Amino acid sequence: MPQPTSPDTRLFTVTADTLVAVDFTPREPRRPRQSRAPREPGPYRRLFAVPGARAFTAGNLLARLPMGMFGVSAIVMIAGSRGSYALAGAVTATGLAATAVVAPWTARLVDRHGQARVALPATLFAVLGSLALVLCVRYDAPDWTLFAAYAATATTPNTGGMSRARWAHLLKDRPDALHTANSFEQAADELCFMLGPVLAAVLCGTFFPEAGTLTGAVLLLTGVALFTAQRSTEPPAVRRAAGRAPLRAPGVRPLLLVCLATGGVFGSLEVVTIAFADGQGHRTAAGAVLALQAAGSCVAGLLYGAVRPKGPAPSRLGRCLAAMAALMTLPLLAAALTGSLLVLAGALLVAGMATAPTMVTTMTLVQRYTPEGRLNEGMTLAVTGLLGGIACGSAAGGWIVEHVSATAGYGVPVAAALTAFAVAGVLVAFGSSNRFMDCRRHH
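In terms of the working numbering, the sequence shown opens at residue 300 and continues consecutively.
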């Protein structure tokens, strides 16, 4: 009679020449595979999850792209028609100097009356100045009209500053996210200065010399119109700010000196590189060569924004400027030792990697020391310092190219970077005892 089979019993049977064992031991139920925990979104994905961020960023990028086009377009257009890089450098320097004077007043109006009410009319006036410059060049007007027309573009609003002001308003209680936003904004600046010169050089070289300026004017007006239409993220206007003017605020003026010297690096590099490429018989390649310097800075800025910076900001600024001063010797060595445009392009790519971290840290300090309710004005003052430095660097670079050589012109950005580092060294050395480093609360 068959006996009940125990759960632990194994049965054996033979099938042909094969022995088969059947095991009735109960098996533990298979556990369901655990799903992986969802990956935490990266800092930039979290940044653009902020409502309205993508919309105002898109318009602002379109408005910012011409900032990398106007300088190159004006230099190519004027130098091509008048045969003088010194004149071209002087005209662009005059326009930047005028912007350095007018831009803070425009930014003050933006703080008091709002971005939408001020930025669009100011842009319309600046576009008219660009059109006047094109007409003066096209119809061979006297040289002084070029200076007057380019100076009329000084009302161009600081689109980058307005975007940073929106981030500061949206992320005022999230300092880590604000660091990422500032890094993105600097990378966006570099992206525009990377693509802008290339687009300007292609337009001016492929179609006609005025094409770069005309295209830039259209992009600027369209971008500002789209940007100012995003009212939900616009910072509230402050008719009467309680704090003092940013220029009088402790800590701001020393940073403006750093911006001034840093701007000298940018301005001189642009003019000297265009002249160097022209001397090699590759004027249309100048935009691409300058784009590599901006590309290195763009990548460095994005990486810098993805990490949490260590140490106090003044010390970080000193380290960034030291790196920039060291790396700016590479283009000088490349031009002097090889004379190759290709080698110079690689040197500019590496040299640009210290630019974005320097500017991100500088803007962080400017935001920290600017009185509340005056953020557009404070950041525009920083940009004004940069523009003043760009004007001086452009004029100095053009003079050296005209009277010495393009290779010698690469000594100007080295000298400017060393000056910025020296000023930052003073800030670090006296920061702990100087009242301007600690008198403002962080916001």
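Beta carbons are placed, not taken as given, at the ideal position from N, Cα and C, and that holds for glycine. Computed from a predicted model, the values in this text were never measured in an experiment.
Secondary structure of residue i, DSSP reduced to three states
i	result
E533	coil
H412	helix
G724	helix
S639	coil
Q579	coil
N675	helix
P496	helix
M300	Any reading at M300 needs caution, since the residue's pLDDT is 49, under 50, leaving its predicted position unreliable; the model's value is listed next. Three-state result, M300: coil.
M461	helix
P613	helix
P441	coil
V703	coil
N345	It is worth fixing the name first, because residue 345 is Arg in this sequence and not Asn. In the structure shown, R345 sits in a helix (DSSP, three-state: H, G or I).
R552	helix
P340	coil
L647	helix
T455	coil
R618	helix
M623	helix
R607	coil
A634	helix
D472	coil
P350	coil
F424	helix
F507	coil
Start-to-end residues for the alpha helix (DSSP H) that takes in residue i
i	result
G369	First, the amino acid is wrong: residue 369 is Phe here, not Gly. Run containing F369: F369 to R381, per the alpha helix (DSSP H) assignment.
Y709	No alpha helix (DSSP H) contains Y709, which DSSP labels as neither H nor E.
T512	A510 to T527
G595	A585 to G604
T660	T654 to Y668
L364	Counting along the chain, L364 falls outside any alpha helix (DSSP H), and DSSP gives it neither H nor E.
Whole-angstrom C-beta distance between residue j and residue i, which should lie under 8 Å
i	j	result
M461	N675	6 Å
G379	T452	With 8 Å as the limit, G379 and T452 do not qualify as a contact, their Cβ atoms being about 19 Å apart.
L520	L423	7 Å
T657	T505	Actually they do not touch by this definition, with Cβ atoms about 34 Å apart.
A585	A576	4 Å
R530	A612	Actually they do not touch by this definition, with Cβ atoms about 32 Å apart.
L680	V551	7 Å
F355	T532	5 Å
L616	T683	In fact, because the Cβ distance is near 19 Å, the residues do not count as touching under 8 Å.
E484	G459	6 Å
L513	V588	Actually they are not in contact, since the Cβ atoms of L513 and V588 sit about 24 Å apart, beyond 8 Å.
A715	G610	Actually they do not touch by this definition, with Cβ atoms about 25 Å apart.
V722	V606	Actually they are not in contact, since the Cβ atoms of V722 and V606 sit about 26 Å apart, beyond 8 Å.
Buried versus exposed call for residue i [16 or more other C-beta atoms within 10 Å across all chains shown]
i	result
H412	exposed
D475	exposed
Y254	This structure cannot speak to residue 254, because the chain is shown only from 300 to 742.
S482	buried
G522	buried
H702	exposed
R734	No answer about R734 holds up, because its pLDDT of 41 lies below 50 and its placement is not dependable.
R465	buried
H468	exposed
D410	buried
F507	exposed
L361	buried
Any non-hydrogen atom of the ligand SAH within 6 Å of residue i CB
i	result
V417	Questions concerning the ligand SAH fall outside what the structure shown contains, since it holds no ligand whatsoever.
message: Any contact between the stretch 356-374 and the stretch 476-495? By contact I mean 3 or more CB pairs, one from each, below 8 Å.
response: yes
message: Counting beta carbon pairs with one atom in the stretch 592-607 and one in the stretch 426-433, are three or more of them shorter than 8 Å?
response: no
message: So, does the stretch 436-448 touch the stretch 347-354, judging by three or more C-beta pairs under 8 Å?
response: no
- request: Indicate whether the contact test is met: 3 or more Cβ pairs, each with one atom in the stretch 618-634 and one in the stretch 686-693, closer than 8 Å.
  value: no
- prompt: Between the stretch 562-573 and the stretch 691-706, do three or more beta carbon pairs fall short of 8 Å?
  reply: yes
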